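Note sheet for the following structure.
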Amino acid sequence: MKAGLFIFFFFIIFNLFGQHEEIKREIKYTAEVGTILSTTGETPFWLRANQYGIVPTQAPILTLRGSISSDYKKPVTKEDHYKLSKFDWGYGLNVVGNVGKENQILIPEAYIKAKYGAFEIYAGRRKEIVGLVDTTLSSGSYIWSGNALPMPKIQISTPNFVPLGFTKGFLSFKGNYAHGWFENSRTDVKNFYLHQKSLYFRLGKPDWEFHFYGGFNHQVQWGGELLYPDPKNQFAINGKVGSSFNDYLNIVTGRSLAGASDTTKNGSNDALNRSGNHLGTLDFGFEINVKDFSVLCYRQNIYEDGSLAYLSNIADGLNGISINIKKTSDAKIRIQKVVVEYLNTTSQGGVGGSDNTDARLRGGDNYFNNGVYKNGWSYNQTSLGTSFINNLSGITNTTNLFFNNTRAEAFYLGVLGVINNNISSEIRIANIKNAGTYESSFLKVKNQFSGLISLNYSPLFLEKTIIQLSFAIDSGELHKDCVGFYLGLKKNW
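Numbering of the sequence shown is given in our numbering, commencing with residue -5 and proceeding in unit increments.
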């Protein structure tokens, strides 16, 4: 809370100095009030998934939300282009208060950012999605989906594709390099960190109709102090996981420690493998962009325990196609975007374990779970990645790991549209087959259907005001059958 107040007053001071800028800085404000009700007391899946961790799992809920933000300055006139400097800055603050079975005050965003040319640096919490994916309508990027509360980070990046001059714009790149902090309210490890980086390339000049994309993202959980007993130093040395500068270099490069097998510096788990918990995706895709529509096709290949190197988990991954319809018409109901996705995480390289002498047969990747960081790839008790991998209550878990449902097969459809030019609509439908984990499989596959219909009405008599209404349904064997809705009022300035 003290950090949030400091950032808030920091923003005010910056704006006082910014009053004399030649190009006026735009400041945006939002305020929202809403409620969630359901037939079972549980929040339906699509009302809470990919909401950056601000929606509780239990209903009823009264929520109050407010934000202030200022982006980089934008030219309004032709002369403004010459006034813009390479340096600029911005900020954002978003506060959420929930009243219900669990009362909460959350700060999903509190950041300061600055840019110089193509490069940007920011510090704080910020809403982000990582991976090659449709960022507005996807079921969720596999590794970093916007499902959990954003964690505090310091990051340097090129947020937009930057052409390489010697290729005359044919080859462009974008990427990020970040250091983050996991929460200390966890029950497994405290004082540990996130290392994150990504690098993506685009083939094709910006004005071409066809582009090809390829790249990777790399996340590592590393360092920290164990909060559980480890008498045999299997996961750490005297309860401490390596966090020296040399350990940092090892996690950045992903260097294997198996050759040295030094159990005096690392717990036996890492000494025979790598420092930290490494995971990410290797992504490919292409885009067709013509006058009336654009199509983006993408594939995210999962890597976690080395199975991808031998293609033993190649069946797993996120496959998607996004169709954006740009052509306008006089029809009262218009479809603007359609996204179809298929996610498979059932292979995981096979049932074999990491102790198999033949690396090609190790498998058993157990996505998002980890022996050292037993709460896994989560933040604030919520999956950082796809919401289809989850920690289910009421499901018997024979292991002490966090995620008890990591093997899933999901079919997803998302549709964006507009009605009468002042009502935007959104439909999300998912059918998921869930198998638990290899260590704790369900007796039979559990089928689950989750759907959402959302309407945002902008009344002509209320300027910059949106009335929000969403209906959601869960039906199947994974979550309790329920129907719920969200009713909200949002004002923008």
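In this text, a Cβ means the ideal position worked out from N, Cα and C, and glycines have one as well. Just so we're clear, the structure is a prediction, and the values are computed from it rather than from any experiment.
Query                                                                                                                                                                   : Result
Out of curiosity, what's the CA-to-CA distance linking I461 and L437?                                                                                                   : 44 Å
On the DSSP letters alone, give me the boundaries of the alpha helix (DSSP H) that D241 sits inside.                                                                    : F239 to T247
Between the Cα of E433 and the Cα atoms of Y304, I308, N398 and E403, which residue gives the shortest distance?                                                        : N398
Return the Cβ separation of Y136 and G125 in integer angstroms, given the expectation that the two are a contact with Cβ distance under 8 Å.                            : 6 Å
Would you tell me roughly how many angstroms separate the C-alpha atoms of P225 and S377, rounded to the nearest one?                                                   : 29 Å
Buried or exposed: where does K368 fall if 16 or more other Cβ atoms within 10 Å of its Cβ makes it buried?                                                             : buried
Which value, in whole angstroms, describes the spacing of the CA atoms of S269 and H212?                                                                                : 14 Å
Three-state secondary structure (DSSP) at L454?                                                                                                                         : coil
Just checking my contact of G134 with S381 at CB under 8 Å: how many whole Å lie between their CB atoms?                                                                : 6 Å
Buried or exposed: which applies to I7, given that a residue is buried once 16 or more other Cβ atoms fall within 10 Å of its Cβ?                                       : Model confidence at I7 stands at a pLDDT of 48, short of 50, so the residue's coordinates are unreliable and nothing is read from them.
Looking only at its own chain, which residues have a Cβ that is under 7 Å from the Cβ of R42, when we skip the five neighbours before and after it?                     : V49 and T51
What three-state label does DSSP hand Y187 in the structure shown?                                                                                                      : strand
My output table needs one value for Y367: the three-state DSSP class, helix, strand or coil.                                                                            : coil
Using the beta-carbon count (16 or more within 10 Å), is E96 buried or exposed?                                                                                         : exposed
Mind checking whether G365 and W371 have CB atoms under 7 Å apart?                                                                                                      : no
With respect to the beta strand (DSSP E) encompassing L312, which residues constitute its N-terminal and C-terminal limits?                                             : G311 to I319
Should V332 go down as buried or exposed, given a rule of 16 or more other Cβ atoms within 10 Å for buried?                                                             : buried
Count the other CB atoms within 10 Å of the CB of G248; is the residue buried (16 or more) or exposed (fewer)?                                                          : exposed
If I measure Cβ to Cβ from F443 and keep anything under 6 Å in the same chain, skipping five residues before and after, which residues do I get?                        : N425, S469 and G470
According to the neighbour-count rule (16 or more other Cβ atoms, all chains shown, within 10 Å of its Cβ), is I296 buried or exposed?                                  : buried
Exposed or buried, which one is G343 when buried takes at least 16 other CB atoms within 10 Å?                                                                          : buried
Identify which residue in N450, F278, E457 and K107 has its Cα closest to the Cα of Y480.                                                                               : N450
In chain order, what are the residue ranges of uninterrupted alpha helix (DSSP H) at least 4 long that sit wholly in the region 156 to 205?                             : none
Does DSSP put D468 in a helix, in a strand, or in coil?                                                                                                                 : strand
My guess is that F287 and I329 are in contact by the Cβ rule of under 8 Å, so how many angstroms apart are they, rounded?                                               : Incorrect: roughly 11 Å between the Cβ atoms, too far for contact.
R328 lies in the beta strand (DSSP E); which residues open and close that run?                                                                                          : I327 to N338
With H, G and I counted as helix, E and B as strand and the rest as coil, what does DSSP make of Y66?                                                                   : coil
Between which two residues does the alpha helix (DSSP H) holding W40 run?                                                                                               : F39 to R42
Report the rounded CA-to-CA distance for I115 versus V439, giving the unit in angstroms.                                                                                : 45 Å
Rounded to whole angstroms, what is the Cα-Cα separation between A172 and F210?                                                                                         : 15 Å
Excluding the five sequence neighbours on either side, which residues of its own chain have a C-beta within less than 8 Å of the C-beta of N263, listed in chain order? : Q228, F229, G365 and V366
Please determine if the region 308 to 326 and the region 270 to 289 are in contact, where contact requires at least 3 C-beta pairs separated by less than 8 Å.          : yes
Short of 6 Å in beta carbon distance, which residues of its chain neighbour S64, apart from the five on each side in sequence? Order them along the chain.              : R19, I21, G84 and Y85
Nearest to H272 by alpha carbon, out of E335, Y361, Y304 and N416?                                                                                                      : Y361
So, for K121: in the same chain, excluding its five sequence neighbours on each side, which residues have a beta-carbon less than 7 Å away from its beta-carbon?        : Y46, P102, E103, G140 and P144
Y336 and F278: beta carbons closer than 7 Å?                                                                                                                            : no
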